[in-house]
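The opening residue of the sequence shown carries number 0 in the numbering used here; numbering runs sequentially from there. Ideal placement from N, C-alpha and C gives every residue a C-beta, glycine not left out. Owing to the predicted nature of the structure, the values given are computational and were not obtained by experimental measurement. Note sheet for the following structure.
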Amino acid sequence: MRKIFEKDVGSIGIGAMIVFIAMVLVAGIAASVLIQTSSTLESQALATGRETTDEVATGMSVFDILGYADTSTDSDISKIAIGVRPRAGSKGIDINQSYIELSDSTTKVILNYTSSFFLEPDGLDDIFSAAVFPDYGGSGDGSQFGVLVIEDADNSITGNTVVVINRGDKIYLGVNTTAAFGGLTERIDIWGLVVPEVGSPGVISFRTPASYTDDVMDLQ
C-alpha cells in the first residue's frame with residue numbers, strides 16, 4: 000500500500016480544485032445554452048401563437064351574391080356582384096392581397112383586384128351600372144375583379160389603391176362573368192372562394208335559376 004506524504008497533499012488539493020472549476024465551467028456553459036434555447040423557443044411559441052390567433056380570428060364572409068342578365072336580349076348572366084365583409088373579431092383585410100376562385104365545373108378562374116375598377120359612391124340606384132365590372136361591354140377581362148364600396152364608416156378604404164376592410168365595412172366585388180365563362184347559363188352550379196391573405200375564406204356556392212325572368216336576381 001502506497002504511503003501518502005505531506006508533499007502529496009497539496010498536489011491532490013490542487014487537482015481536485017481544477018476538476019471542480021472545470022465542472023463549474025461546463026455547468027455554466029450548459030446552463031447558458033439551455034437559457035438561450037429556452038428564449039428562442041419562447042419567442043417562436045409567441046410568434047406561432049400570434050399567427051394562429053390571426054388565422055383563426057381573421058376571415059372573410061360572403062353575405063350576398065347578385066347576378067345580372069339582360070332579359071330583353073335573352074342573354075346569360077353577364078355580371079355578378081359578390082358582397083363581402085370581415086368576420087366578427089377579424090383584423091383588417093387587404094383586398095389588394097386577396098383573390099377570388101370561381102368555377103362552373105368546366106372552367107376554373109382566379110381573379111385579382113384591379114384598381115382601375117373602383118367606386119365609392121354616395122348612394123347608388125343600380126349597382127350593375129357602376130364601373131366595377133372589368134371591361135364590361137368591351138373585350139372583357141376574366142382575370143380581374145373590381146370593388147364597389149357600400150359601407151366604410153371609419154374611412155379605412157382610402158382610395159382605389161388602399162382597399163382595407165375592417166369591422167363594419169361592406170363592399171361588393173364586381174366580376175365580369177361573360178369574360179370569365181362566356182356568361183352563366185341556366186341551371187349550372189357555381190362554387191368558389193374569396194381568399195384573404197390571412198384567415199378563413201368566404202364561400203361561394205349557388206345554382207343559377209331555371210330561367211331568367213328578371214334582369215337582377217339574388218343568387219346566394
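C-alpha distance - residue i paired with residue j, whole-angstrom precision
{"i": "Asn-223", "j": "Val-25", "result": "With the chain running from 0 to 219 in the structure shown, residue 223 is simply not present."}
{"i": "Ile-34", "j": "Met-59", "result": "41 Å"}
{"i": "Val-194", "j": "Val-161", "result": "17 Å"}
{"i": "Phe-117", "j": "Ser-210", "result": "31 Å"}
{"i": "Ala-68", "j": "Ile-99", "result": "21 Å"}
{"i": "Gly-141", "j": "Phe-180", "result": "8 Å"}
{"i": "Thr-106", "j": "Ser-115", "result": "25 Å"}
{"i": "Ser-71", "j": "Asp-93", "result": "38 Å"}
{"i": "Asn-111", "j": "Asp-125", "result": "24 Å"}
{"i": "Leu-218", "j": "Asp-153", "result": "30 Å"}
{"i": "Met-216", "j": "Gly-66", "result": "5 Å"}
{"i": "Val-23", "j": "Ser-97", "result": "57 Å"}
{"i": "Asn-95", "j": "Ile-64", "result": "20 Å"}
{"i": "Gly-158", "j": "Phe-127", "result": "20 Å"}
{"i": "Leu-206", "j": "Tyr-171", "result": "According to the sequence displayed, residue 206 carries Arg and not Leu. The straight-line gap from Cα to Cα measures roughly 19 Å."}
{"i": "Phe-19", "j": "Ile-13", "result": "10 Å"}
{"i": "Ser-31", "j": "Gln-43", "result": "18 Å"}
Cβ neighbours of residue i in the same chain (closer than 7 Å, five flanking residues each side left out)
{"i": "Trp-190", "result": "Ser-102, Ile-203, Ser-204"}
{"i": "Thr-176", "result": "Ile-76, Ser-77, Lys-78, Ile-79, Gly-182, Leu-183"}
{"i": "Asp-188", "result": "Ser-104, Arg-206"}
Cβ neighbours of residue i in the same chain (closer than 6 Å, five flanking residues each side left out)
{"i": "Val-174", "result": "Ile-79, Phe-144"}
{"i": "Arg-86", "result": "Gly-58, Ser-60"}
{"i": "Met-16", "result": "none"}
{"i": "Val-108", "result": "Leu-101, Gly-141, Ala-179"}
{"i": "Asp-151", "result": "Asp-168"}
{"i": "Gly-27", "result": "none"}
{"i": "Ile-156", "result": "Val-148, Val-162"}
Residue i, DSSP secondary structure in three states
{"i": "Thr-113", "result": "strand"}
{"i": "Gly-27", "result": "helix"}
{"i": "Gln-219", "result": "coil"}
{"i": "Leu-65", "result": "strand"}
{"i": "Phe-144", "result": "strand"}
{"i": "Phe-205", "result": "strand"}
{"i": "Val-18", "result": "helix"}
{"i": "Ile-94", "result": "helix"}
{"i": "Val-197", "result": "coil"}
{"i": "Ile-187", "result": "coil"}
{"i": "Val-83", "result": "strand"}
{"i": "Ser-128", "result": "helix"}
{"i": "Val-174", "result": "strand"}
{"i": "Ser-102", "result": "strand"}
{"i": "Leu-118", "result": "strand"}
{"i": "Ser-71", "result": "helix"}
{"i": "Val-223", "result": "As shown, the chain starts at 0 and ends at 219. That puts residue 223 outside it, with no answer to give."}
Neighbourhood of residue i by C-beta, 8 Å cutoff - its chain only, sequence neighbours within 5 removed
{"i": "Phe-62", "result": "Gly-82, Val-83, Arg-84, Lys-169"}
{"i": "Pro-120", "result": "Ala-129, Leu-147, Val-148"}
{"i": "Leu-192", "result": "Ile-99, Glu-100, Pro-200, Gly-201, Val-202, Ile-203"}
{"i": "Thr-222", "result": "Past the boundaries of the shown model lies residue 222; the chain is included only from 0 to 219, so the question cannot be answered."}
{"i": "Ala-21", "result": "none"}
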